[in-house]
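> This is the structure I want to talk about, given as structure tokens.
There are 2 protein chains.
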Amino acid sequence: MYNFNMCEKFKNLKNTEYDIALLLNKKGILSANELQEILKVDKATIYRNLKSLIKKNIIRKVSAKKSFYELNCNIHNPIHPHFECIKCNKIYCLKPLSAEDTINISRYTNFEIHSIDIKIKGTCDECKSMDN
Amino acid sequence: MYNFNMCEKFKNLKNTEYDIALLLNKKGILSANELQEILKVDKATIYRNLKSLIKKNIIRKVSAKKSFYELNCNIHNPIHPHFECIKCNKIYCLKPLSAEDTINISRYTNFEIHSIDIKIKGTCDECKSMDN
DNA sequence: AACTTATTTGCAACTTAGTTGCATTTTATG
DNA sequence: CATAAAATGCAACTAAGTTGCAAATAAGTT
Ligand SMILES: [Mn+2]
Ligand SMILES: [Mn+2]
Ligand SMILES: [Zn+2]
Ligand SMILES: [Zn+2]
């Protein structure tokens with residue numbers, strides 16, 4: 188486990204922003220609903236704070252069947268592809284993309300690139316073992 | 188332009204399923220709303236037909252800020268990454284992923300892979316030229 | 001501390017994508 | 001034509017996310 192204090196950006200956070208960052212640090216990746224259930228604050232508060240955390244570049248949104256959120260601190264959690272299980276809709280964080288693969292993918296467009304989201308869909312081992 | 192009849196799967200389509208496939212063939216990629224506005228049928232009909240077309244493997248869903256749909260016929264439209272403009276939310280279809288890049292990406296997980304969705308986000312040229 | 005201002009929150013109302021049940025219409029089949 | 005199956009429209013619903021506004025909390029000033 189990484190030390191939460193290693194990420195400079197977290198120092199100035201307050202109130203629900205801090206609570207969310209702390210929870211994401213502990214749990215890895217969570218949906219807005221999961222955050223709300225744990226923190227027991229209004230969903231407007233959750234979404235407003237998620238937005239401001241994204242604007243501050245502290246978290247990022249992972250779009251799947253529903254949206255998930257995870258920390259965006261380089262020390263803790265570099266950008267990586269995700270695996271989405273088509274049976275249970277669970278999201279698995281994969282190991283970060285290599286520099287070579289990142290460059291290769293970025294060659295597919297000439298537009299100005301802001302981020303590269305790779306989502307591999309399939310069946311996770313847990314769900315595969317339940318098939319018959 | 189490809190000939191619509193080249194894709195075997197389209198032969199047995201009827202009613203709204205056929206209308207949707209025909210429109211996607213012509214326009215490339217459309218949202219459920221865009222389809223509804225053009226075809227002037229109830230949105231339940233749109234979504235029901237989109238679902239059955241996906242189940243028949245004739246179209247695929249492209250998840251962005253909102254969902255888009257495009258043909259899934261190999262002759263017409265092999266699987267490819269997408270560019271999503273963070274300003275105008277427009278979706279651009281990119282050239283298909285090379286076999287090498289596909290294999291490289293598939294190595295990031297050991298789970299059973301069903302599909303690989305690559306979405307590059309950034310600013311399209313049109314929106315970039317409007318900045319100041 | 002007391003006063004004032006800015007920030008954060010809860011609540012309720014709203015929007016939008018997508019789903020579902022059910023009655024009606026359309027299409028297929030003998 | 002008669003009957004069954006499939007497709008559609010309609011309305012009500014769910015779930016994620018947004019927004020206005022008033023109340024509460026925190027921060028800054030004398
Ligand atoms: Mn992740
Ligand atoms: Mn496409
Ligand atoms: Zn699973
Ligand atoms: Zn754009």
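Respectively, the protein sequence lines represent chains G and D.
With the working numbering, letter number 68 in the first sequence gets 255, and the count goes up by one each step, no holes.
With the working numbering, letter number 24 in the second sequence gets 211, and the count goes up by one each step, no holes.
For glycine and all other residues, C-beta sits at the position ideal for the given N, C-alpha and C.
Please read these numbers as outputs of a predicted model, since none were measured by experiment.
Determine the contact status of I241/D and P268/D, defining contact as a CB-CB distance below 9 Å.
For the purposes of this step, residue 241/D is taken as residue 54 along the second sequence, with counting starting at 1. For the purposes of this step, residue 268/D is taken as residue 81 along the second sequence, with counting starting at 1. Their beta carbons are not under 9 Å apart, which means I241/D does not touch P268/D by this criterion.
> Verify the contact flag: E224/D, CB atom, against every heavy atom of ligand 4, threshold strictly below 8 Å.
Reading the second sequence from its first residue, position 37 is the one you call residue 224/D. No; taking the cut-off as 8 Å, the Cβ of E224/D has no heavy atom of ligand 4 nearer than that.
> Can you give the Cα-Cα distance for L200/D and K214/G, rounded to whole angstroms?
Taking the second sequence and counting its residues from 1, one reaches residue 200/D at position 13. Taking the first sequence and counting its residues from 1, one reaches residue 214/G at position 27. If you take the alpha carbons of L200/D and K214/G, they lie about 46 Å apart.
> For chain D, is any of its Cβ atoms less than 9 Å away from the one on F255/G?
Locating residue 255/G in the first sequence gives position 68, counting from the first residue. Output row for F255/G: interface = no.
> Ligand 1 and I300/G: does the residue's C-beta get closer than 8 Å to at least one heavy atom of that ligand?
Your numbering for residue 300/G matches position 113 in the first sequence. Checking the Cβ of I300/G against ligand 1 gives no.
> Quick one: Cα of E204/D to Cα of N261/D, how far?
In the second sequence, counting from the first residue as 1, residue 204/D sits at position 17. In the second sequence, counting from the first residue as 1, residue 261/D sits at position 74. Going by C-alpha positions, E204/D is about 18 Å away from N261/D.
> If you measure from each CB to the nearest heavy atom of ligand 4 and keep those under 7 Å, what residues do you get, in chain order?
Listed along the chain, these residues meet the criterion: C272/D, K274/D, C275/D, K277/D, T310/D, C311/D, E313/D, C314/D.
> Contact criterion: CB-CB distance below 9 Å. Does C272/D meet it with respect to chain G?
As a position in the second sequence, residue 272/D is number 85, starting the count at 1. Closer than 9 Å: yes.
> Between F255/D and S218/D, how many whole angstroms is the CB-CB distance? I'm expecting something under 8 Å.
Within the second sequence, the letter at position 68 stands for residue 255/D. Within the second sequence, the letter at position 31 stands for residue 218/D. Going by Cβ atoms, the distance from F255/D to S218/D rounds to 5 Å, so yes, they are a contact pair.
> Measuring only the C-alpha atoms, how far is N236/G from E195/G?
Numbered from 1 along the first sequence, position 49 holds the residue referred to as residue 236/G. Numbered from 1 along the first sequence, position 8 holds the residue referred to as residue 195/G. Taking the straight line from one Cα to the other gives about 18 Å.
> Using a Cβ-Cβ cut-off of 9 Å, state whether P265/D counts as contacting chain G.
Here residue 265/D is taken as the residue at index 78 of the second sequence, counted from 1. It does not: the Cβ of P265/D has no partner Cβ on chain G nearer than 9 Å.
> Since G309/D meets chain G, which of its residues come closer than 7 Å, beta carbon to beta carbon?
Position 122 of the second sequence holds residue 309/D. Those are F298, E299, I300, H301, listed as they occur along chain G.
> Strictly below 7 Å CB to CB, what residues from chain D border S334/G?
Residue 334/G falls outside the range modelled here, since chain G spans only 188 to 319, and no answer is possible.
> Would you give the residue range spanned by the beta strand (DSSP E) that I300/D belongs to?
Stepping through the second sequence from its first residue, residue 300/D is reached at position 113. Looking at the DSSP string, the run of the beta strand (DSSP E) that includes I300/D is 299–310.
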